[in-house]
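A.B. asks: Chains as they are written, first to last, in this note's numbering: chain X, 68 to 183; chain A, 42 to 554. In this text, a Cβ means the ideal position worked out from N, Cα and C, and glycines have one as well. Input: one structure, supplied below.
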Amino acid sequence: MELLVASAIGVLTTAGIYLVLRLRTFPVILGMSLLTYAVNIFLFASGRLTIGAPPILQDGVTTYTDPVPQALVLTAIVISFGMTAVVVMISLGAYLGSDDDHVDDQPEATGSEERS
Amino acid sequence: MTHWIILPIVLPAFLAPFIVLAARHHIGIQRVFSVAGVVALIALALGLVWAVSDGSVLYYRLSNWAAPFGIVLVADRLSTLMVLLTSVLALFVLLYAIGSGWDSRGRHFHALFQFQLMGILGAFLTGDLFNLFVFFEVLLIASYGLMIHAGGNARLKAGVQYVLFNLIGSTLFLFALGSIYAETGTLNMADLAQRVALIGAEETVGIRIAAVLLLLVFAIKAAIVPLHFWLPSSYAEAPAPVAALFAIMTKVGAYAIIRVYTMIFPPNLEATMGLHDLWLLPAALVSLAIGMIGVLAARKLDRLIAFSIIGSMGMVMVAISLFSPVGIAAALYYIIHSTLAGAILFLISDLVRTGRGNLDLTAQPPMRGTHMTAGMFFVGAIAMAGLPPLSGFLGKLLVLDASYGADLVVWVWAIVLSSSLISVIGFARAGSVVFWKAHGLGPMEPDAETARPATLAYVAIGGLFAMLIAHTVFAEKVHAYTTTVATELFAHDTYMSLVLETPGKLSDPKEAH
Numbered sequence: 068m069e070l071l072v073a074s075a076i077g078v079l080t081t082a083g084i085y086l087v088l089r090l091r092t093f094p095v096i097l098g099m100s101l102l103t104y105a106v107n108i109f110l111f112a113s114g115r116l117t118i119g120a121p122p123i124l125q126d127g128v129t130t131y132t133d134p135v136p137q138a139l140v141l142t143a144i145v146i147s148f149g150m151t152a153v154v155v156m157i158s159l160g161a162y163l164g165s166d167d168d169h170v171d172d173q174p175e176a177t178g179s180e181e182r183s
Numbered sequence: 042m043t044h045w046i047i048l049p050i051v052l053p054a055f056l057a058p059f060i061v062l063a064a065r066h067h068i069g070i071q072r073v074f075s076v077a078g079v080v081a082l083i084a085l086a087l088g089l090v091w092a093v094s095d096g097s098v099l100y101y102r103l104s105n106w107a108a109p110f111g112i113v114l115v116a117d118r119l120s121t122l123m124v125l126l127t128s129v130l131a132l133f134v135l136l137y138a139i140g141s142g143w144d145s146r147g148r149h150f151h152a153l154f155q156f157q158l159m160g161i162l163g164a165f166l167t168g169d170l171f172n173l174f175v176f177f178e179v180l181l182i183a184s185y186g187l188m189i190h191a192g193g194n195a196r197l198k199a200g201v202q203y204v205l206f207n208l209i210g211s212t213l214f215l216f217a218l219g220s221i222y223a224e225t226g227t228l229n230m231a232d233l234a235q236r237v238a239l240i241g242a243e244e245t246v247g248i249r250i251a252a253v254l255l256l257l258v259f260a261i262k263a264a265i266v267p268l269h270f271w272l273p274s275s276y277a278e279a280p281a282p283v284a285a286l287f288a289i290m291t292k293v294g295a296y297a298i299i300r301v302y303t304m305i306f307p308p309n310l311e312a313t314m315g316l317h318d319l320w321l322l323p324a325a326l327v328s329l330a331i332g333m334i335g336v337l338a339a340r341k342l343d344r345l346i347a348f349s350i351i352g353s354m355g356m357v358m359v360a361i362s363l364f365s366p367v368g369i370a371a372a373l374y375y376i377i378h379s380t381l382a383g384a385i386l387f388l389i390s391d392l393v394r395t396g397r398g399n400l401d402l403t404a405q406p407p408m409r410g411t412h413m414t415a416g417m418f419f420v421g422a423i424a425m426a427g428l429p430p431l432s433g434f435l436g437k438l439l440v441l442d443a444s445y446g447a448d449l450v451v452w453v454w455a456i457v458l459s460s461s462l463i464s465v466i467g468f469a470r471a472g473s474v475v476f477w478k479a480h481g482l483g484p485m486e487p488d489a490e491t492a493r494p495a496t497l498a499y500v501a502i503g504g505l506f507a508m509l510i511a512h513t514v515f516a517e518k519v520h521a522y523t524t525t526v527a528t529e530l531f532a533h534d535t536y537m538s539l540v541l542e543t544p545g546k547l548s549d550p551k552e553a554h
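Structural data, given as structure tokens:
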């Protein structure tokens with residue numbers, strides 16, 4: 068369980084960082100999504116890993132899982148979902164406007180030639 | 042009285058959807074409500090500053106849940122000072138946006154502006170780290186909208202870079218919060234301060250990683266070298282009133298560093314020893330140098346101002362990273378100054394753009410209203426470069442004075458003084474090229490497509506200048522106040538006991554049945 072969660076976080080983060088370091092918007096956005104998945108799982112793990120235990124107080128139950136990370140993850144999911152939607156729209160606008168999906172600034176001479 | 046604290050967050054939070062839903066087709070009504078909201082915010086902020094000026098700390102428990110379990114909002118002298126600074130800045134920026142017509146060049150400017158204020162004020166008032174993250178996201182998502190307001194390819198492109206950089210920052214913030222929660226089991230700042238101090242010397246690995254990650258996140262916000270790359274193009278491409286409002290956003294990062302690293306990871310905490318003086322101070326010195334060299338190297342006026350913002354943030358962080366009451370007091374004085382000066386310069390750059398259509402640092406025929414704009418740029422540049430008689434000079438003196446006992450005092454003095462010289466040269470060169478050489482090129486063609494800036498735009502900049510001059514004239518009083526703020530930060534017993542020991546609602550399983 069620990070190994071599975073830890074390696075999931077590790078693989079997602081690695082793939083995410085690799086993709087973020089690409090220079091085109093599409094892989095960068097994919098990488099950002101992978102990074103947010105990684106951080107969501109990481110937040111779950113921050114409340115210790117418990118299997119099959121309820122987060123809310125109940126009669127006759129002795130082991131509980133920590134409810135706070137679940138609330139944090141829920142907030143983080145909603146926020147990252149919204150942010151991804153925003154960045155997709157803005158980068159789509161930028162791509163359609165200048166016909167160039169590079170994230171970094173291109174040298175000015177080549178940029179103007181392509182457009183003309 | 043305690044409910045007042047949440048009003049600076051609730052007011053813009055309700056005003057923004059109201060503007061979107063009820064007034065989206067009437068720019069006039071939007072303007073009236075937006076200005077009225079900001080004026081009300083100033084009144085609220087003044088009330089809060091007055092309420093905490095006797096050293097008391099105000100707090101507000103959301104839903105009345107007891108402290109480490111529920112979210113608290115806390116208003117002490119530092120928070121209320123920043124709230125007041127934000128709302129005053131917002132008023133003049135809003136007046137400029139209305140006067141120059143920027144708000145009608147795209148949709149939903151006023152709603153986004155109110156959401157932006159909600160995020161910034163919330164970040165200043167919250168007493169909970171995760172809540173700080175949420176308010177960061179609120180201010181960021183509003184800033185994405187404001188940043189690409191009025192559209193245009195260059196702006197959208199800079200917007201993509203800005204959004205992606207900040208998304209990575211947010212992800213780092215979540216990683217930091219996760220590791221803090223895993224180590225301590227709490228995210229309430231006061232509770233964290235107590236628990237972090239209890240961690241044994243052998244078990245500090247996790248919390249040290251968390252402290253560094255958190256510092257990185259705030260350094261991204263505060264644009265400290267080497268995490269400053271997002272700032273120049275996004276501030277230069279953003280609409281000028283928005284860039285002027287963004288002058289407070291870098292200060293949110295500075296505020297968060299002051300708050301978290303005086304309270305949760307104080308300088309005398311063994312686990313994070315060396316983070317301030319070994320890492321933060323050199324980074325701040327480098328950003329000061331890079332910022333001012335950028336001022337000299339910039340080829341457009343808006344980039345020049347953006348780099349001067351980086352330089353002034355470097356100055357602020359130099360003072361903060363001393364982590365002494367004197368240093369923080371100097372930093373707070375300089376924060377107020379650099380927010381006002383940065384906003385003034387961005388608004389003036391928009392006057393130049395209105396007058397002659399571009400911001401290139403090349404000699405072009407004189408624009409309309411050149412005398413007024415040139416005069417204002419002269420005063421603004423003096424303020425930002427830190428020449429006497431304005432508050433930039435006093436702030437710099439305070440920083441130099443505060444650094445007197447530090448280990449790196451020679452470096453601090455050398456870099457602060459030489460970077461001031463470089464920025465003076467940079468601003469003088471820009472001013473002479475844009476305003477003086479213009480007269481050698483003969484009068485401007487009368488049929489050019491440029492317009493004279495509106496009166497309200499001048500009023501807004503004049504108001505900011507009045508604030509800056511007041512900040513200079515009443516420097517002694519302001520500095521005395523920032524000194525009490527800084528002293529309170531290092532003796533936060535009132536804050537801690539108030540947040541943690543005041544009884545609130547607790548879930549009682551027996552009562553539920």
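Please compile the residues from chain A whose C-beta is within a distance smaller than 7 Å of the C-beta of Phe-109/X.
C.D. replies: As a position in the first sequence, residue 109/X is number 42, starting the count at 1. By Cβ distance, chain A contributes Phe-216, Gly-219.
A.B. asks: Kindly list the residues whose CB is nearer than 6 Å to the CB of Thr-132/X, restricted to its own chain and excluding five residues on each side of it in sequence; keep chain order.
C.D. replies: Working through the first sequence from its first residue, we reach residue 132/X at position 65. Cβ within range, chain order: Thr-117, Ala-120, Pro-122.
A.B. asks: At a CB-CB cut-off below 8 Å, which residues of chain X make contact with Phe-171/A?
C.D. replies: Against the second sequence, residue 171/A aligns to sequence position 130. The contacting residues are Leu-139, Thr-142.
A.B. asks: Using a Cβ cut-off of 7 Å (strictly closer), state whether Gly-127/X contacts chain A.
C.D. replies: Start at 1 with the first residue of the first sequence, and residue 127/X comes out as number 60. Chain A contact via Cβ: absent.
A.B. asks: Among all the DSSP beta bridges, which residues are the ones paired with Leu-114/A?
C.D. replies: Position 73 of the second sequence, counted from the first residue, corresponds to residue 114/A. Paired residue(s): Tyr-101/A, Thr-167/A.
A.B. asks: Compare the C-beta of Val-204/A against all C-beta atoms of chain X and say whether one is closer than 7 Å.
C.D. replies: Here residue 204/A refers to the residue found at position 163 when the second sequence is read from its first residue. Chain X contact via Cβ: present.
A.B. asks: Quick check on Phe-177/A: buried or exposed, where buried means 16 or more other Cβ atoms within 10 Å of its Cβ?
C.D. replies: Looking up residue 177/A in the second sequence gives position 136. That one is buried.
A.B. asks: Under a three-way DSSP split, which group does His-533/A fall into?
C.D. replies: Within the second sequence, the letter at position 492 stands for residue 533/A. Three-state DSSP puts His-533/A in coil, outside helix and strand.
A.B. asks: Short of 7 Å Cβ to Cβ, which residues in the region 177–198 of chain A face chain X?
C.D. replies: Answer in chain order: Glu-178, Ile-182, Tyr-185, Ile-189, Asn-194, Leu-197, Lys-198.
A.B. asks: In this structure, what does DSSP give as the bridge partners for Trp-452/A?
C.D. replies: Counted from its first residue, the second sequence places residue 452/A at position 411. The partner list for Trp-452/A (beta bridge, DSSP) is empty, contrary to what the question assumes.
A.B. asks: Rounded to whole angstroms, how far is the Cβ of Ile-75/A from the Cβ of Phe-154/A, which I believe are closer than 8 Å?
C.D. replies: Reading the second sequence from its first residue, position 34 is the one you call residue 75/A. Reading the second sequence from its first residue, position 113 is the one you call residue 154/A. Before going further, note that residue 75/A is Ser rather than Ile in the sequence given. About 6 Å; that satisfies the 8 Å criterion.
A.B. asks: Is the CB-CB distance between Met-159/A and Ala-63/A below 7 Å?
C.D. replies: In the second sequence, the residue the question calls residue 159/A occupies position 118. In the second sequence, the residue the question calls residue 63/A occupies position 22. No, they are not a contact pair.
A.B. asks: So, at 6 Å on beta carbons, what are the nonlocal neighbours of Ser-362/A in its own chain, with the 5 sequence-adjacent residues on each side left out?
C.D. replies: Your numbering for residue 362/A matches position 321 in the second sequence. Here the set comprises His-317, Leu-321, Leu-322, Ala-325.
A.B. asks: Around the C-beta of Lys-478/A, are 16 or more other C-beta atoms found within 10 angstroms, so that it is buried, or is it exposed?
C.D. replies: The residue you call residue 478/A lines up with position 437 of the second sequence. That one is exposed.
A.B. asks: For Ile-456/A, tell me which candidate among Tyr-374/A, Val-359/A, Leu-388/A has the shortest Cα-Cα distance.
C.D. replies: Reading the second sequence from its first residue, position 415 is the one you call residue 456/A. Ranking the options by Cα distance to Ile-456/A, first place goes to Val-359/A.
A.B. asks: Roughly how many whole angstroms lie between the Cα atoms of Ala-495/A and Ser-141/A?
C.D. replies: As a position in the second sequence, residue 495/A is number 454, starting the count at 1. As a position in the second sequence, residue 141/A is number 100, starting the count at 1. Whole-angstrom Cα-Cα distance: 6 Å.
A.B. asks: Distance cutoff 7 Å, beta carbons only. Does Thr-403/A sit that close to anything in chain X?
C.D. replies: Counting from one through the second sequence, the residue named residue 403/A turns up at place 362. Not an interface residue.
A.B. asks: Taking Cβ-Cβ distances shorter than 7 Å, what residues in chain X pair up with Tyr-101/A?
C.D. replies: On the second sequence, position 60 is the one that residue 101/A refers to. What Tyr-101/A touches in chain X: nothing, since even the nearest Cβ is about 20 Å away.
A.B. asks: Leaving out five residues on either side along the sequence, give the residues of the same chain with a beta carbon under 6 Å from the beta carbon of Ser-158/X.
C.D. replies: Reading the first sequence from its first residue, position 91 is the one you call residue 158/X. Counting only Cβ-Cβ distances below 6 Å, and skipping sequence neighbours, we find Thr-92.
A.B. asks: Can you have a look at Gln-125/X and say buried or exposed, based on whether 16 or more other CB atoms are within 10 angstroms of its CB?
C.D. replies: Translated into positions along the first sequence, residue 125/X becomes position 58. By the 10 Å Cβ count, Gln-125/X comes out exposed.
A.B. asks: If you draw a straight line from the alpha carbon of Thr-171/X to that of Leu-239/A, how long is it in whole angstroms?
C.D. replies: Counted from its first residue, the first sequence places residue 171/X at position 104. Counted from its first residue, the second sequence places residue 239/A at position 198. It should be pointed out that residue 171/X corresponds to Asp in this sequence rather than to Thr. Cα to Cα, Asp-171/X sits roughly 45 Å from Leu-239/A.
A.B. asks: Report yes or no: is there a C-beta of chain X within less than 7 Å of the C-beta of Thr-496/A?
C.D. replies: Reading the second sequence from its first residue, position 455 is the one you call residue 496/A. No - not a single Cβ of chain X is within 7 Å of the one on Thr-496/A.
A.B. asks: Grab the span of the alpha helix (DSSP H) containing Pro-94/X for me, first residue to last.
C.D. replies: By one-based count along the first sequence, residue 94/X stands at place 27. First-last of the alpha helix (DSSP H) with Pro-94/X: 92–112.
A.B. asks: How long is the line joining the alpha carbons of Leu-82/A and Leu-52/A, rounded to whole angstroms?
C.D. replies: Counting from one through the second sequence, the residue named residue 82/A turns up at place 41. Counting from one through the second sequence, the residue named residue 52/A turns up at place 11. Near 8 Å, if we compare the C-alpha coordinates of Leu-52/A and Leu-82/A.
A.B. asks: Given the structure, does Arg-340/A come close to the ligand NAP, in the sense that its CB is under 6 Å from one of the ligand's heavy atoms?
C.D. replies: With respect to the ligand NAP, the structure shown offers nothing to examine, as it has no ligands at all.
A.B. asks: Let me make sure I understand the geometry here. Which of Leu-139/X, Leu-90/X, Leu-86/X has the alpha-carbon closest to that of Gly-168/X?
C.D. replies: Looking up residue 168/X in the first sequence gives position 101. First, the amino acid is wrong: residue 168/X is Asp here, not Gly. Closest by alpha carbon: Leu-90/X.
A.B. asks: Shorter than 7 Å from the beta carbon of Ser-74/X to some beta carbon of chain A?
C.D. replies: For the purposes of this step, residue 74/X is identified with residue 7 of the first sequence, where counting begins at 1. It does not: the Cβ of Ser-74/X has no partner Cβ on chain A nearer than 7 Å.
A.B. asks: Any contact between the region 246–262 of chain A and the region 297–315 of chain A? By contact I mean 3 or more CB pairs, one from each, below 8 Å.
C.D. replies: Yes: the two stretches touch, three or more of their Cβ pairs being nearer than 8 Å.
A.B. asks: Of all the CB atoms in chain A, is at least one closer than 7 Å to the CB of Val-95/X?
C.D. replies: Reading the first sequence from its first residue, position 28 is the one you call residue 95/X. Yes - at least one Cβ of chain A is within 7 Å of the one on Val-95/X.
A.B. asks: Starting from the beta carbon of Val-78/X, find every residue of chain A whose beta carbon is closer than 8 Å, and list them in chain order.
C.D. replies: Looking up residue 78/X in the first sequence gives position 11. Here the premise fails: no neighbours, minimum Cβ distance about 16 Å.
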